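Going line by line, the protein sequences match chains A and B. Just so we're aligned, residue 3 is where the first sequence starts under this note's numbering, counting upward by one. Just so we're aligned, residue 3 is where the second sequence starts under this note's numbering, counting upward by one. Every residue, glycine too, gets a C-beta built ideally from N, C-alpha and C. None of the values given here were measured: they were computed from a predicted structure. What follows is a set of notes on a single structure, which appears directly below.
2 protein chains.
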Amino acid sequence: MTLPHPTADQISLPIVLAVLGDPTRLAIVRFLASKEGVPMNCGKFLDLASKTNLSYHLAKLREAGVTRTEAVGTSRLITLRRDDLDKRFPGLLDSVIAAAGEDKALPMVGTVDSEIDA
Amino acid sequence: MTLPHPTADQISLPIVLAVLGDPTRLAIVRFLASKEGVPMNCGKFLDLASKTNLSYHLAKLREAGVTRTEAVGTSRLITLRRDDLDKRFPGLLDSVIAAAGEDKALPMVGTVDSEIDA
DNA sequence: TCCTTAGTTCAAAAGTTATTGAACAATTGG
DNA sequence: CCAATTGTTCAATAACTTTTGAACTAAGGA
């Protein structure tokens, strides 16, 4: 049950940048980074967009190689591909995440605390 | 003769990422970085796109706060806004440039040596 | 089995970005 | 002044991206 992902060397810089250039997707990545190690399912992001729209954005992130999505039952477990991104583009993800962390203009995942905790 | 630029604090992360997510613009930035300190005019980028199209892409870079454009005579002198970008998004520009430097898939400025030198 | 939960797919609509060519403006050199 | 050089603007078009809702699949629990 693994969805199509690019291999590490297929990850393209302009595509990664373009994919991160969308506020919704950047918010997803920031949240994944803030909970690194803990795989998230799509539902965690429902305050960013509709279910259908999330499916679209999460597919973009996966196809760009930014996230890894594993199907487990009816759920999708989503993680950052930090290892591969760091290998391909050293320092990029960290600086993006740090910059995004400061950004009050980005949409927020889990403003309601009850939605954050496992 | 200064064209409209955002102030440092108006520079937005998603906009910068989206702007850098275009291969033509990323090639421009990579070239500017490789010649840092030396202001370039638009003509330097004519092997990337048409004059009209360059005008469009260079305006995008300027409006995003990635470059600074100064009008001198009929020329535009274009520089990277490294100071402002480093202040706003520490490490971001460097990691993007380093990653772009390795990228054989990006269009190249000045493959013909005669077009590079001052 | 039936219902719910989790997420996808599809096609349409809406919105945005990129590219083009023709016409324009401004400066510089002869 | 005239012509060349440098780059912009405009409108059109092409090409993509995002968003939507309805219909769907697949797994899990009662």
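| Check | Outcome |
| --- | --- |
| Is there contact here, the stretch 14-23 of chain B with the stretch 68-88 of chain A, by at least three beta-carbon pairs under 8 Å? | no |
| When you compare only the Cα positions, how much space is there between Pro-25 (chain A) and Ala-102 (chain A)? | 10 Å |
| Name the chain B residues that come within less than 7 Å of Gly-23 (chain A), Cβ to Cβ? | Pro-16, Leu-19, Ala-20, Gly-23 |
| Does the Cβ-Cβ distance between Ala-51 (chain B) and Val-18 (chain B) come in under 8 Å? | no |
| Kindly say whether Ala-111 (chain A), judged by its beta-carbon, lies nearer than 8 Å to any beta-carbon of chain B. | The displayed chain sequence assigns Val, not Ala, to residue 111 (chain A). No - not a single Cβ of chain B is within 8 Å of the one on Val-111 (chain A). |
| Spell out whether any CB of chain A is found under 8 Å from the CB atom of Gly-103 (chain B). | no |
| Are Ser-97 (chain A) and Pro-92 (chain B) closer than 8 Å when you measure CB to CB? | yes |
| Taking C-beta pairs closer than 8 Å, name the residues in chain A that Gly-93 (chain B) reaches, listed in chain order. | Gly-93, Asp-96, Ser-97, Ala-100 |
| Between the C-alpha atoms of Thr-81 (chain A) and Val-40 (chain A), what's the straight-line distance to the nearest angstrom? | 7 Å |
| His-59 (chain A) and Ile-30 (chain A) - do their beta-carbons sit closer together than 8 Å? | yes |
| Could you tell me which chain B residues have their CB closer than 9 Å to the CB of Leu-50 (chain A), listed as they occur along the chain? | None at all; the shortest Cβ gap to chain B is about 13 Å. |
| From A:Glu-104, A:Lys-46, A:Gly-112, A:Leu-34, pick the residue whose C-alpha is nearest to that of Arg-84 (chain A); which is it? | A:Leu-34 |
| Out of B:Leu-22, B:Gly-112, B:Leu-108, B:Pro-109, state which residue places its alpha-carbon closest to the alpha-carbon of Arg-64 (chain B). | B:Leu-22 |
| With burial defined as no fewer than 16 other Cβ atoms inside 10 Å of the residue's Cβ, what is the status of Met-110 (chain B): buried or exposed? | exposed |
| State yes or no: is the beta carbon of Leu-28 (chain B) nearer than 8 Å to at least one beta carbon in chain A? | yes |
| Count the other CB atoms, across all protein chains shown, that sit within 10 Å of the CB of Ala-107 (chain A); report buried if there are 16 or more and exposed otherwise. | exposed |
| Residues bridged to Leu-5 (chain B) by DSSP? | According to DSSP, Leu-5 (chain B) bridges with nothing at all. |
| Which whole-angstrom value describes the C-beta separation of Leu-87 (chain A) and Leu-79 (chain A), a residue pair presumed to lie in contact below a C-beta threshold of 8 Å? | Not a contact, Cβ separation roughly 18 Å. |
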